[in-house]
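Residue 9 is where the sequence shown starts when you use our numbering, and the numbers rise one by one after that.
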Amino acid sequence: MAGGKRLGIAVSQPEIGTATSQDGSSVSVSKPGEAGLKALADYLAPDMRACNQVIIDRMQSPVALIPQLAAHLVAAGGKRLRPLLTLASARLCGYDNQDGKLRHVEIAACVEFIHTATLLHDDVVDESQLRRGLASANAIFGNKASVLVGDFLFARAFQILTADASLDVMAILSAASATLAEGEVMQMTTQNDLSTSVDQYLQVIYGKTAALFAAACESGAVIGEISADKREALRVYGANLGMAFQLVDDALDYAADQAVLGKEVGDDFREGKVTLPVLAAYEAGSEEDRVFWRRVIEESEQTPEDLDAALQRIAETNAIAVTMAKAEDYAAKARDALSVFADCEIKSLLIETASYSASRAS
C-alpha cells in the first residue's frame with residue numbers, strides 16, 4: 009500500500025475520479041482510502057439526508073433529557089457506515105421505492121439506532137470519557153441516563169421494524185442485536201486473559217462489530233427482493249468488512265494520534281482488553297516482554313510509563329503489521345463476495361469501501 013506509515017499502518021493516497029450520484033450530480037470517487045467511503049456517502053446523499061431526518065424525528069420525546077442526549081450524539085457525527093451499507097445494498101439489489109415508501113431509509117435508521125444504543129452502553133461499561141473526539145454521553149449526562157437512552161433507542165429501532173412488517177428483516181436485526189450483546193459479554197470474559205486464542209478473539213469481534221455490518225447489508229438485500237445467493241453474498245460482504253473494520257480499530261488503539269482517532273489512545277490497553285496487537289506482540293516477544301504483558305494486562309498493574317513501553321514492544325514485534333494484514337485478508341473476502349453482482353457504480357463504491365475498511369487511519 010502506498011502512503012505514509014505510523015507504527016506499520018499504511019495510509020493509502022487517494023486516486024481521484026468521478027461518479028454520478030442518485031440525483032444526477034457529479035461526485036468525486038477515490039480509491040481505496042477514506043475518500044472511497046466519502047464517494048459512497050456522496051453517491052447516496054439523497055437517501056442519507058432522508059435517513060438522518062428519520063433519525064432526528066425518531067429521537068424526539070416529551071421527556072426532555074432524551075432529545076438533549078440524542079442531540080449530543082447527532083452533533084458528535086460519525087461515519088454512519090452501517091446505515092450507508094443498508095442503503096447501498098438495497099440500491100445494488102434494485103430497490104427503487106417501488107412500494108411508494110422509503111423502506112431502505114427507515115431500516116437504515118433502525119440499524120443506526122441499534123448501533124448507537126450499543127455505543128451508549130459500551131461507553132458506560134468501558135468508563136469511556138471520549139467518543140469521536142468529544143466528551144462521551146456518559147461523561148456529560150451520567151451512566152444512568154446513557155443506559156436508559158440506549159434502551160430508548162433500542163425500543164425505537166424495534167418500533168421501526170414493527171411498522172416495516174417484514175419478518176425477514178425483523179429476524180435479521182433482532183438476531184444481530186442479540187449477537188452484539190453476546191460479543192460484548194464474550195469480550196468481558198476474555199479481558200485480562202492472555203491465554204485467549206486468536207480464534208476466540210475473532211469470535212469476539214464478529215459478535216461485537218461484524219454481526220451488525222452483516223445484518224445491515226442483508227437487510228438491504230431483503231428490501232431489494234433479490235435472489236437468495238445474492239442476499240447471502242451481501243451478508244458475507246458485510247461480515248468480512250466488519251471484521252476488517254474492527255481489526256483496524258484495534259490496531260489504531262496502539263498506532264493513532266488521539267486527535268485523529270477521536271478517543272483516547274491506549275483505552276484498550278488501560279482496560280486490559282486482549283486484542284490482536286497484544287496477542288501478536290505477546291507471542292513474538294521475549295520472555296521479558298511476556299512478563300511485562302502479564303503484569304499490565306493480566307494483573308492490571310500499570311504505571312503511567314507502561315503505555316509507551318507497550319507501544320514500543322508492539323512496534324518491535326511488528327504486531328500492527330500483523331493486525332493490518334489480517335484486516336486486508338478480510339477486506340479481500342468482502343470484495344470477492346460482490347463478484348456475483350454485475351459491474352455498476354455502486355458495486356465499485358462498495359468494493360472501495362471494503363478497501364477503506366482495511367486502510368483507514370481513523
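Note that the Cβ used here is the ideal one computed from N, Cα and C, for glycine as well.
Helix, strand or coil at residue i according to DSSP, with G and I counted as helix
{"i": "residue 241", "result": "helix"}
{"i": "residue 333", "result": "helix"}
{"i": "residue 263", "result": "coil"}
{"i": "residue 36", "result": "The pLDDT assigned to residue 36 is 40, lower than 50, so where the model puts this residue is not dependable; a value taken from the coordinates is nonetheless given after this. Three-state result, residue 36: strand."}
{"i": "residue 143", "result": "strand"}
{"i": "residue 103", "result": "coil"}
{"i": "residue 204", "result": "coil"}
{"i": "residue 2", "result": "Only positions 9 to 370 of the chain appear in this structure, which leaves residue 2 out of reach."}
{"i": "residue 234", "result": "coil"}
{"i": "residue 355", "result": "helix"}
{"i": "residue 151", "result": "helix"}
{"i": "residue 69", "result": "coil"}
{"i": "residue 52", "result": "coil"}
{"i": "residue 283", "result": "coil"}
{"i": "residue 109", "result": "coil"}
{"i": "residue 273", "result": "coil"}
{"i": "residue 91", "result": "helix"}
{"i": "residue 164", "result": "helix"}
{"i": "residue 211", "result": "helix"}
{"i": "residue 307", "result": "coil"}
{"i": "residue 75", "result": "helix"}
{"i": "residue 29", "result": "Confidence at residue 29 is low in this model, with a pLDDT of 46, below 50, so the placement of that residue is unreliable and no value is reported for it."}
{"i": "residue 294", "result": "coil"}
{"i": "residue 58", "result": "helix"}
{"i": "residue 248", "result": "helix"}
{"i": "residue 368", "result": "coil"}
{"i": "residue 192", "result": "helix"}
Rounded separation between residue i and residue j - CA only
{"i": "residue 341", "j": "residue 55", "result": "27 Å"}
{"i": "residue 82", "j": "residue 48", "result": "20 Å"}
{"i": "residue 343", "j": "residue 237", "result": "16 Å"}
{"i": "residue 177", "j": "residue 156", "result": "25 Å"}
{"i": "residue 232", "j": "residue 102", "result": "6 Å"}
{"i": "residue 110", "j": "residue 88", "result": "18 Å"}
{"i": "residue 297", "j": "residue 323", "result": "12 Å"}
{"i": "residue 228", "j": "residue 309", "result": "46 Å"}
{"i": "residue 357", "j": "residue 70", "result": "40 Å"}
{"i": "residue 354", "j": "residue 299", "result": "50 Å"}
{"i": "residue 213", "j": "residue 312", "result": "28 Å"}
{"i": "residue 73", "j": "residue 79", "result": "10 Å"}
{"i": "residue 226", "j": "residue 362", "result": "16 Å"}
{"i": "residue 367", "j": "residue 333", "result": "10 Å"}
{"i": "residue 181", "j": "residue 223", "result": "6 Å"}
{"i": "residue 372", "j": "residue 317", "result": "No answer is possible for residue 372: the residues shown for the chain start at 9 and end at 370."}
{"i": "residue 29", "j": "residue 359", "result": "The pLDDT assigned to residue 29 is 46, lower than 50, so where the model puts this residue is not dependable; a value taken from the coordinates is nonetheless given after this. When rounded, the distance between both Cα atoms is 17 Å."}
Burial state of residue i (16 or more Cβ within 10 Å)
{"i": "residue 252", "result": "buried"}
{"i": "residue 197", "result": "exposed"}
{"i": "residue 347", "result": "exposed"}
{"i": "residue 281", "result": "buried"}
{"i": "residue 206", "result": "exposed"}
{"i": "residue 152", "result": "exposed"}
{"i": "residue 43", "result": "buried"}
{"i": "residue 57", "result": "exposed"}
{"i": "residue 144", "result": "buried"}
{"i": "residue 159", "result": "exposed"}
{"i": "residue 195", "result": "buried"}
{"i": "residue 183", "result": "exposed"}
{"i": "residue 365", "result": "buried"}
{"i": "residue 294", "result": "exposed"}
{"i": "residue 307", "result": "exposed"}
For residue i: DSSP bridge partner residues
{"i": "residue 224", "result": "Paired residue(s): none; residue 224 is not in a bridge."}
Among the options, the one whose alpha carbon lies nearest that of residue i
{"i": "residue 126", "options": "98, 71 and 188", "result": "188"}
{"i": "residue 52", "options": "100, 72, 79 and 86", "result": "100"}
{"i": "residue 91", "options": "297, 165, 308 and 337", "result": "165"}
{"i": "residue 335", "options": "314, 202 and 254", "result": "254"}
{"i": "residue 132", "options": "121, 364, 148 and 119", "result": "148"}
{"i": "residue 118", "options": "212, 330, 62 and 289", "result": "62"}
{"i": "residue 240", "options": "111, 94, 345 and 350", "result": "345"}
{"i": "residue 114", "options": "59, 123, 77 and 261", "result": "59"}
{"i": "residue 292", "options": "327, 275 and 358", "result": "327"}
{"i": "residue 288", "options": "314, 325 and 313", "result": "325"}
{"i": "residue 246", "options": "93, 210, 275 and 162", "result": "93"}
{"i": "residue 221", "options": "75, 234, 242 and 235", "result": "242"}
{"i": "residue 185", "options": "217, 96 and 262", "result": "217"}
{"i": "residue 256", "options": "316, 320, 146 and 284", "result": "284"}
{"i": "residue 121", "options": "98, 86, 96 and 146", "result": "86"}
{"i": "residue 235", "options": "97, 46 and 68", "result": "97"}
is_contact[residue i, chain B] using C-beta, thresh 8 Å
{"i": "residue 214", "result": "Absent here is chain B; the protein component of the structure consists of one chain."}
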